[in-house]
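Asker:
There are 2 protein chains.
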Amino acid sequence: MIEWKMREMDLSDLKRAPSTIWELETPVPLVDVDVACRNLERWQRRCEQLGIANRPHIKTHKMVLWANEQLRLGALGITVQKLGEAEVMARAGITDIFVTYNIVGAGKVKRLARLARSNEIKVTADNRECCRQTAHAAARAGRAIGVFVECDTGGKRNGVQSPEEALELARFIDGQRFLELEGLMTFPANGSRIASAEFLSKSQDLLLAAGLPCNAVSSGGSTDMWSAEGLERVTEYRAGTYIFNDRSLVDSNSCSLDDCAVTVLATVVSKPSSGDRITLDAGSKALTSDLRNFNDYGIELASGNPVYSLSEEHGLLDVRGWEGAPAVGDMVRILPNHVCPVINLFDEVALVRGEEVVGMATVDARGKVQ
Amino acid sequence: MIEWKMREMDLSDLKRAPSTIWELETPVPLVDVDVACRNLERWQRRCEQLGIANRPHIKTHKMVLWANEQLRLGALGITVQKLGEAEVMARAGITDIFVTYNIVGAGKVKRLARLARSNEIKVTADNRECCRQTAHAAARAGRAIGVFVECDTGGKRNGVQSPEEALELARFIDGQRFLELEGLMTFPANGSRIASAEFLSKSQDLLLAAGLPCNAVSSGGSTDMWSAEGLERVTEYRAGTYIFNDRSLVDSNSCSLDDCAVTVLATVVSKPSSGDRITLDAGSKALTSDLRNFNDYGIELASGNPVYSLSEEHGLLDVRGWEGAPAVGDMVRILPNHVCPVINLFDEVALVRGEEVVGMATVDARGKVQ
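Protein chains in written order, with the numbering used here: chain A, 4 to 373; chain B, 4 to 373.
1) Output the distance between the C-alpha atoms of Ile24 (chain B) and Ala289 (chain B), rounded to the nearest integer angstrom.
2) Please report the residue range of the alpha helix (DSSP H) in which Pro166 (chain B) lies.
3) When we look at the beta-carbon of Ser273 (chain B) and count the other beta-carbons within 10 Å, is it buried (16 or more) or exposed?
4) Going by alpha carbons, who is nearest to Gly286 (chain A) out of A:Ala119, A:Thr270, A:Ser276?
5) Check for me: the alpha helix (DSSP H) holding Ile197 (chain A) runs from which residue to which?
6) With 9 Å as the threshold, decide whether the Cβ of Glu303 (chain A) is near any Cβ in chain B.
7) Going by DSSP in three states, Asp254 (chain A) sits in which element: helix, strand or coil?
8) Alpha carbon to alpha carbon, what distance is there between Asn296 (chain B) and Pro344 (chain A)?
9) Of the residues that make up the stretch 204-235 of chain B, which ones have a beta carbon closer than 7 Å to any beta carbon in chain A?
10) Could you work out which residues of chain A lie near Pro299 (chain B), taking near to mean beta carbons separated by less than 8 Å?
11) Starting from the N-terminal side, write out each stretch of the alpha helix (DSSP H) that is 4 residues or longer and does not extend beyond the stretch 76-145 of chain A.
12) How many angstroms separate the CA atom of Leu375 (chain A) from the CA atom of Pro59 (chain A)?
13) Shorter than 9 Å from the beta carbon of Gly162 (chain A) to some beta carbon of chain B?
14) Pull up the CB-CB distance for Gly214 (chain A) and Asn193 (chain A), whole angstroms please, since I reckon it's below 8 Å.
15) Go ahead and pull the three-state DSSP assignment for Asp13 (chain B).
16) Less than 7 Å between C-beta atoms, sequence neighbours within five positions excluded: which residues of the same chain meet that for Asn42 (chain A)?
17) Using 10 angstroms around the beta-carbon of Gln136 (chain B), count the other beta-carbons present and answer buried if the total reaches 16, otherwise exposed.
18) Would you mind listing the alpha helix (DSSP H) stretches within the stretch 286-354 of chain B that are 4+ residues and don't spill past its ends, in chain order?
19) At 7 Å on the CB atoms, spell out the chain A contacts of Val331 (chain B), in chain order.
20) Please report the distance separating the alpha-carbon of Ala328 (chain B) from that of Thr282 (chain B).
21) Is there at least one Cβ from chain A nearer than 9 Å to Pro191 (chain B)'s Cβ?
22) Look up Asn57 (chain A) in the DSSP assignment and say whether it is helix, strand or coil.
23) For the stretch 301-308 of chain A against the stretch 147-164 of chain B, are there 3 or more C-beta pairs whose distance is under 8 Å?
24) Return the CA-CA distance between Asn122 (chain A) and Ile81 (chain A), expressed in angstroms with no decimal places.
25) Buried or exposed for Val260 (chain A), going by 16 or more other Cβ atoms inside 10 Å?
26) Output yes if chain A places a C-beta closer than 9 Å to the C-beta of Cys343 (chain B); else output no.
27) Below 8 Å, how does it come out for the stretch 47-55 of chain B and the stretch 26-34 of chain B: are there three or more Cβ pairs, yes or no?
28) Report the option in B:Val38, B:His64, B:Ser257 whose CA atom is closest to the CA atom of Asp351 (chain B).
29) Considering Cα atoms alone, identify which of A:Pro191, A:Val342, A:Cys217 is closest to Leu234 (chain A).
30) Residues of chain A with a CB under 7 Å from the CB of Gly110 (chain B): which are they?
31) Following the continuous beta strand (DSSP E) through Leu184 (chain A), name the residue where it begins and the one where it ends.
32) Three or more beta-carbon pairs under 8 Å between the stretch 131-145 of chain B and the stretch 92-112 of chain B, yes or no?
33) Cβ of Met66 (chain A) within 9 Å of Cβ of Thr365 (chain A)?
34) When burial is assigned at 16 or more other CB atoms within 10 Å of the CB, is Asn57 (chain B) buried or exposed?
35) Could you give the distance in angstroms between the alpha-carbon of Ser276 (chain A) and the alpha-carbon of Arg45 (chain A)?
36) Against chain B, does Gln84 (chain A) count as a neighbour if the rule is that its beta carbon must be under 9 Å from one of theirs?
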């Protein structure tokens, strides 16, 4: 059995806040720092055991504070999805950044060039046009930019469609003066690790046989992160949601309820005499409309009862058959279906230890979708 | 036939921007000012014809610029859902604000008191506890706060459940020293105007027979706004989405496609060789996961093709059978299902006239959910 030695985070920069969660303004996300730290440590150790580099995705927390904590615990660098996120992190002094996105567009090329000048930026590509634009950015920066060939290994999102296409694009990248071919990248569909591994192995073999470099193989996703299946070729892992976890990860047995670091604190504002529901001050502008695989928008932590309907600023909690259901003015904690877009709705979150508030922290990269 | 005389908005405060939409960073919402102005003017005229006061809901645009335009065109005041929105609008000099929300919680009471001191604030209530807290706020402000009894006329969200309950709560409000009973308020379910009117008429009759004041009857909603049905007792109307409209309002025949002022501009970043899809740089953090009654997340304006899948930063556009579908680097415009939560994701939007960019405007009350 491993004993988790909790390190002390530097929380000295936090904004002042009430002393307990019950004094907070609602709705607000509560981030339990001890749970989040435990999640970070456990995964870092796991990566070290597997001999895989940890490159956490900051799209979940979008906070400099947590990115720094991930690096302090041993992460190789960070992953971001958009240049706007990279800019925020780079301004905060984080220099090793993998932008897992195709960079396309005149404005994006300029911004990538600016970033690449003084940071170690890597990007993905799954088509020649985006390689050409990335090469322009690198030329402008006067410095090579590392590129991973993105492979569609079953996720049916971005990515080259076959190992042969991976080889073809790798050749193209290798032929660009300012691009450095790093290797392969995928965002595998949940439960598709074996198919993903086959695609990556075959692609890597093709690249190596053609005399192309392929040092790095990057995979990701929090749902399957604890499975060792199909990781043989993987050198780097990008997990995002694992820092906080959420209802969907509990549902997929990727974590337990105790591993969920984030709940949304809400106040009961109405309790109609119909007796079927209470209304919370958290609606789709606090919980998002993200259903994942559920039929409702989150559950109340104490009862497990669902938030069965949302409008923008109201959440309807089912209280049928619940003796002593909360009254108007009471506060409840909602476990969100999908934590990432929830954090993205808030300018700041409360860092807590149980019911104690440690301080308010800024969501630095909130809304940085460009 | 009515001729719309377009007044000139004051756009002098806008931030600098590129001259055409094709030079903008994506994803970004485009707000066509001429379409939005036409929507505002048309509804203002309609309210004047009906003899109903127009009290637009700013939750859709969340921008001081548009709230001022609504007032300039003849709106009586504005409606907001949360105190945070009211604070932003009050700071900008807008003083007549209806907060259609039950105010509950120690922090909220203090903030309501602060607002009420120098503004004409009205709120709703559907329970005694929230009336008591509102009365505390009013006492603290040293000034009466107007309260509307919220009625659940079929929306099954907040509200007293019967005209008899409306009377009982109205009596309670009237008995509070610092509260002023304004009348009745409802957010009717779509298509329930007749049932809603019956509830409101019966309630108003009960209040008046009991010697209670009931000068104002406030209804709202953009879906049914053009129907005159069941408006006999209504003195004020709160519409929000009508300024921009969206796919769901086109679907309910509340407006035409030409009346939709907002699209989300996105760039094609990937076009897999599978030929079934292209990937846009707009995902759920730009379009939201709000399905409304659809099976997908918005449509591409030129083709009508659906965004059939979203992850946080990717949107998958179905291009099966589309000859000459956009290539990597091309831009497309997506009509969102529900425009209100989309605007709430962005710090600024582009104001446009067709393809010309007028300037960038701040979403002042973005994220003000508390």
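Note that beta-carbon positions come from the ideal geometry of N, C-alpha and C, so glycine has one too.
Answerer: Straight from the coordinates:
1) 17 Å
2) Its alpha helix (DSSP H) spans residues 166-177.
3) buried
4) Checking every option, the nearest Cα to that of Gly286 (chain A) belongs to A:Thr270.
5) Per DSSP, Ile197 (chain A) is one residue of the alpha helix (DSSP H) stretching across 196-212.
6) no
7) helix
8) Between Pro344 (chain A) and Asn296 (chain B), the alpha-carbon positions lie close to 21 Å from each other.
9) For chain A, none of the residues of the stretch 204-235 of chain B brings a beta carbon within less than 7 Å of one of its beta carbons.
10) Sequence inspection shows Asp at residue 299 (chain B); the Pro mentioned does not correspond to that position. Ordered by position in chain A, no residue passes the 8 Å Cβ test against Asp299 (chain B), which lies about 13 Å from the chain.
11) 86-94, 109-121, 131-144
12) Here chain A comprises residues numbered 4 to 373, so residue 375 (chain A) is not present and cannot be evaluated.
13) yes
14) About 35 Å separates the two Cβ atoms, so there is no contact after all.
15) coil
16) Tyr245, Ile246, Asn248, Asp262, Ala264
17) buried
18) 287-290, 342-346
19) Val107, Asn130, Glu132, Cys133
20) 12 Å
21) Not an interface residue.
22) Of the three classes helix, strand and coil, the one that applies to Asn57 (chain A) here is strand, per DSSP.
23) Contact fails: fewer than three Cβ-Cβ distances are below 8 Å.
24) 12 Å
25) One detail in the question is off: residue 260 (chain A) reads as Leu in this sequence, not Val. Exposed.
26) yes
27) Short answer: they don't touch.
28) The sequence given here places Glu at residue 351 (chain B); Asp does not occur at that position. Taking only the C-alpha atoms, the option nearest Glu351 (chain B) is B:His64.
29) A:Pro191
30) Glu28
31) According to the DSSP assignment, Leu184 (chain A) belongs to the beta strand (DSSP E) that extends over 182-189.
32) Short answer: they touch.
33) yes
34) Asn57 (chain B) counts as buried, since no fewer than 16 other beta carbons sit within 10 angstroms of its beta carbon.
35) C-alpha of Ser276 (chain A) to C-alpha of Arg45 (chain A): approximately 47 Å in a straight line.
36) Chain B contact via Cβ: present.
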